[in-house]
Structures are given as structure tokens and as C-alpha cells.
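First comes the structure, then the notes that go with it.
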Amino acid sequence: MPIQTTTNIWHNGNLIPWDKAQIHVMSHVVHYGSSVFEGIRCYAQPNAAGIFRLPEHMARLVDSAKIYRMPLPYTVEQLSTAVIDVVEANGVAPCYIRPIAFRGYGELGVNPLKSPVEVYVANYPWGKYVPGTSGADVCVSSWSRLAPNTMPTLAKAGANYMNSQLIRMEAEINGYSEGIGLDTNGYLSEGSGENLFLVRGGVLYTTPLANSVLNGITRSSVLTLAKQLGIEVVEQALPREMLYICDEAFFTGTAAEVTHLRSVDRILVGDGTMGPITKALHDEFFGIVHGTLPDRYNWLTPVNVKVAEPVGV
């Protein structure tokens with residue numbers, strides 16, 4: 037999706053003009069992918085706007101940086117304030133928010149420790165991520181997800197997404213809207229940028245963190261909602277063929293939100309429509325973030341922005 041520019045970007049404690057947020061071509065991140073980042077949505081609500089699970093996203097950014105020995109000079113609270121500041125300064129809601137920390141201009145070479153750490157936060161309008169309104173047609177990718185002893189998947193790192201790019205490009209070239217990666221043992225992992233859920237016999241299944249999946253914040257939200265709705269949840273390694281015999285399947289993620297899968301490898305999931313468990317979770321999630329249901333988990337951080345029309349779901 038093309039980026040729609042806004043006015044300001046937060047950089048190392050200050051708001052700067054969008055067009056001034058530039059880096060040198062010899063920055064470490066350009067050559068070695070040394071970045072960690074987050075994706076967050078700010079939702080429009082009746083006469084208000086709220087950022088979804090802001091502290092949790094900022095805590096994951098700090099964790100990602102710690103895993104990669106990238107010292108951040110800001111606390112979770114300071115980073116959360118930076119996000120609020122840039123959203124309110126730009127006056128854009130609903131929107132997508134991209135905080136990113138990376139190794140900047142200093143030294144080249146694989147060792148990044150003497151390159152400075154830069155932190156930016158941008159926001160901009162962004163709509164539906166996975167194409168289609170009647171469910172996603174996806175495939176199992178020929179590309180495996182990262183092995184747990186190669187690159188840490190609990191870190192939301194820019195370099196990890198080179199693997200995601202291969203999965204997504206292959207899927208689109210072959211006529212699918214998204215791909216699902218297997219882990220290095222052949223078990224289901226996740227999509228290129230989404231966690232995966234399956235339903236069979238009234239039980240909700242999802243792949244555990246040990247199967248090279250990101251500890252998704254929307255994933256954890258759905259698990260919380262499922263518990264509240266009395267849905268049985270099982271986290272376990274899942275074989276590929278579960279995709280073909282499950283009753284329902286859906287993706288979760290900041291970008292994908294809750295997106296049901298219509299088919300996998302040209303095999304319909306159930307009857308191809310959104311199943312009852314997926315719909316219950318979908319409706320609860322969107323009810324909370326759009327303000328038609330109470331925010332009983334305090335997931336939304338209010339921001340002082342005049343809202344536009346909500347993005348369609």
C-alpha cells in the first residue's frame with residue numbers, strides 16, 4: 037500500500053518534519069538489517085480515538101532491542117508518550133503507527149556495537165492489509181520460517197522480515213493473498229506477518245511460541261477474548277494437514293487484525309465463510325477497538341484527535 041505522508045515524525049525526543057526524517061546510505065541498518073520495530077493501530081471510536089495496547093507494544097520494542105544488545109535511551113513510558121505526541125501532533129486517526137529503532141551511521145562491519153542507536157516514530161493512514169472482503173485465499177509457502185537457533189523470532193527485527201518478504205512475494209505471484217510458513221520441523225508456524233489460529237470440533241488451536249512465531253499482541257488479545265467467551269484453547273504444534281481439515285481458520289496481527297481464511301491451497305476452509313467461533317472473536321475484537329463494546333481490559337490509550345470515518349472491517 038502506498039504511504040500517505042503526515043506532517044511530523046518523532047526522532048530521538050523531538051518532532052521533525054516528515055521530509056527531514058532521513059538517514060545516511062552508509063548507516064549500519066541499510067547494510068545489515070539492524071533494526072527492531074513495532075506496528076500499532078490507533079482506532080476511531082464514537083467522538084474519540086484510542087491506541088491499541090500501546091504499553092504492551094512499547095514493552096515488546098524494548099525486549100526486541102534487548103535481545104539484539106541495542107541499548108534504547110528511553111523507557112516504555114517515554115516511548116508511549118512519544119507515540120501519543122506524534123499522533124496528536126499529526127491529528128490523524130484512525131492510523132497505523134510505526135516506532136522503529138536501528139543502528140545508524142557510525143561504523144560498518146558485522147559488529148554493530150559502535151554504531152549509534154536512532155529511534156523514530158511515524159504514523160499515517162492505513163487500511164486493510166490482507167486483500168479481500170470475503171476471506172483470504174492463502175497457500176502454504178515453500179519457504180520455512182526461521183529456525184529457533186538462527187535468528188530470534190521473539191524479537192520483532194527488521195532482518196527477520198526478509199524471510200517474510202519471500203513468503204509474501206511467492207504467495208502473491210502465485211495468485212494468493214498471503215502465505216503460511218512451516219517451521220524447520222515441518223509444523224505450522226505463521227503467516228508472513230500474522231499469527232495463525234485454527235478451529236476444529238469447537239476447539240481453538242494456535243501454534244506456540246516454540247514454533248518460531250512472534251509473540252503477537254493481537255494474538256494474546258484473542259486468547260484473552262476466547263477465555264472470556266468460554267472457548268477451549270489449545271496451544272500445540274500443528275501438522276500442515278490441519279489446515280485442510282479444520283472447520284475455521286484465521287490470521288491475527290496489528291495489520292491483519294482478525295482476518296478469516298476462505299481457503300488454503302485452493303481447499304475451502306469449512307464452507308469458505310467466517311465460522312461462528314471466528315465471528316464471535318472478530319466481533320468482540322472490533323467491538324472493543326471501535327468503541328461499540330466496553331473496553332473492559334483497558335486496551336485503548338485515548339488520544340486527542342478529531343477522528344475521520346472508521347476504516348472498514
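The sequence shown begins at 37 in the numbering used here and counts up one residue at a time. C-beta: ideal position from N, C-alpha, C; glycine also.
Buried or exposed by the 16-neighbour rule on C-beta atoms within 10 Å, applied to residue i
i	result
Ile209	exposed
His67	exposed
Leu336	buried
Asp55	exposed
Ser100	buried
Tyr333	exposed
Gly348	For Gly348, the pLDDT reaches just 43, beneath the cut-off of 50, and the residue's location in the model is therefore unreliable, although a value from the coordinates is still provided. Exposed, by the Cβ-count rule.
His178	The question names His, but residue 178 is Ser in the sequence shown. Ser178 should be labelled exposed.
Thr189	buried
Met106	buried
Asn147	exposed
Phe88	buried
Met37	exposed
Asn196	buried
Thr314	buried
Arg302	exposed
Ala350	The structure shown does not extend to residue 350, since the chain is modelled only from 37 to 349, so the question has no answer here.
Lys342	exposed
Ser257	buried
Gly266	exposed
Glu320	buried
Gly171	buried
CA nearest to the CA of residue i, picked from the options
i	options	result
His93	Thr290, Val343, Gly69	Thr290
Ala80	Ile59, Ser71, Gly127	Gly127
Leu182	Asn199, Ala172, Val235	Asn199
Asn353	Pro148, Ile133, Leu202	A question about residue 353 goes unanswered here, because the residues of the chain that appear run from 37 up to 349.
Asp173	Ser257, Ser63, Glu284, Pro330	Glu284
Val269	Arg276, Arg255, Ala84	Arg255
Pro244	Gly266, Leu218, Arg204	Leu218
Leu108	Asp331, Gly323, Leu149	Leu149
Ile76	Ala129, Lys315, Arg276, Ile103	Ala129
Glu293	Lys102, Phe233, Gln264, Gly145	Phe233
Thr288	Gly252, Ile120, Glu214	Gly252
Asp307	Tyr280, Val325, Thr328, Gly327	Tyr280
Ala191	Phe321, Leu144, Gln58, Ala95	Ala95
Val339	Glu154, Leu90, Leu265, Asn48	Leu90
Val325	Ala85, Asn50, Ser63	Ala85
Asn48	Glu214, Gln114, Val305	Gln114
Phe73	Asn83, Asn50, Val300, Leu97	Leu97
Ile59	Glu154, Thr117, Pro53	Glu154
Ala273	Thr186, Leu297, Ala246, Cys131	Ala246
Bridge partners - residue i, DSSP secondary structure assignment
i	result
Asn159	Ile133
Cys175	Gly215
Leu336	Phe88
Pro53	Asn44
Leu304	Ser299
Ser71	Phe138
Val153	Arg139
Gln81	Ala84
Gly227	Ile216
Ala193	Val72
Rounded distance between the beta-carbons of residue j and residue i, thought under 8 Å
i	j	result
Gln40	Tyr156	Between Tyr156 and Gln40 the Cβ distance is about 17 Å, and since that is not below 8 Å, they are no contact.
Ile136	Ser71	6 Å
Leu250	Glu226	7 Å
Val65	Phe138	4 Å
Asn231	Thr242	7 Å
Pro184	Ser248	6 Å
Pro152	Gly140	5 Å
Leu240	Arg276	Rounded, the Cβ-Cβ distance is 18 Å, inconsistent with contact.
Cys175	Val300	7 Å
Check your understanding: Residue ranges of each beta strand (DSSP E) run of no fewer than 3 residues wholly in the segment 232-300, ordered along the chain?
Key -> Counting whole runs of 3 or more residues, the segment 232-300 contains the beta strand (DSSP E) stretches 239-242, 269-271, 284-289, 293-300.
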